[in-house]
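Structure first, commentary second.
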Amino acid sequence: MRLDGLAPKLRAYRKSLGLTQRELGSKAGIAQEFISEIEKGKKRPSIEVLEKLCGALGCSADYLLGLSGGGYCRIEDEKPPTALSRQILQEIIDRQLTEKDLMLALKVAEVMHQYCHEA
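Okay, structure coming up:
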């Protein structure tokens with residue numbers, strides 16, 4: 016999935032919470048017009064905007080970017096983001112990786128995590 020998968024996920028999750036774009040914008044401190052552009056796939060959010068949206072929605076960036084499987088992940092289920100994870104998320108946003116690329120990156124990260132914790 017390319018980053019344009021963010022648009023329908025953001026819209027669907029916002030609507031599932033019964034929020035309008037204006038209400039989400041108010042909660043997140045983001046202009047309603049910018050949220051509309053993101054949901055239409057015309058604009059890409061910065062990592063800071065993505066974090067604000069996730070905070071206002073109570074979901075993870077992984078969920079909105081399609082990295083956390085089928086279900087959603089509530090914020091309280093996540094560990095706080097590190098500088099490295101923010102940098103990685105920004106790279107995903109900037110590069111508009113395909114679903115295949117994302118899955119490969121996740122597999123590499125899992126292998127590296129296992130290797131580092133076995134040593």
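According to our numbering, the sequence shown is numbered sequentially starting from 16.
Note that beta-carbon positions come from the ideal geometry of N, C-alpha and C, so glycine has one too.
In this text the structure is predicted, and so the values were computed from the model without any measurement.
Per DSSP, the continuous alpha helix (DSSP H) segment holding residue 36 begins and ends at 36-43.
Beta-carbon to beta-carbon, residue 20 and residue 73 are separated by about 20 Å, too far to satisfy the 8 Å threshold. Selection 32, 65 and 56 evaluated against residue 43 yields 65 as nearest (Cα-Cα). Judged by beta-carbon spacing, residue 45 lies beyond the 8 Å limit of residue 25, meaning their Cβ atoms are not closer than that value.
For residue 76 and residue 63, the gap between their C-alpha atoms comes out near 11 Å.
Comparing alpha-carbon positions, the option among 27, 113, 123 and 106 lying closest to residue 55 turns out to be 27.
The straight-line gap separating the alpha-carbon atoms of residue 122 and residue 59 is approximately 25 Å. A check of alpha carbon separations from residue 71 across 51, 52, 57 and 36 identifies 36 as the nearest.
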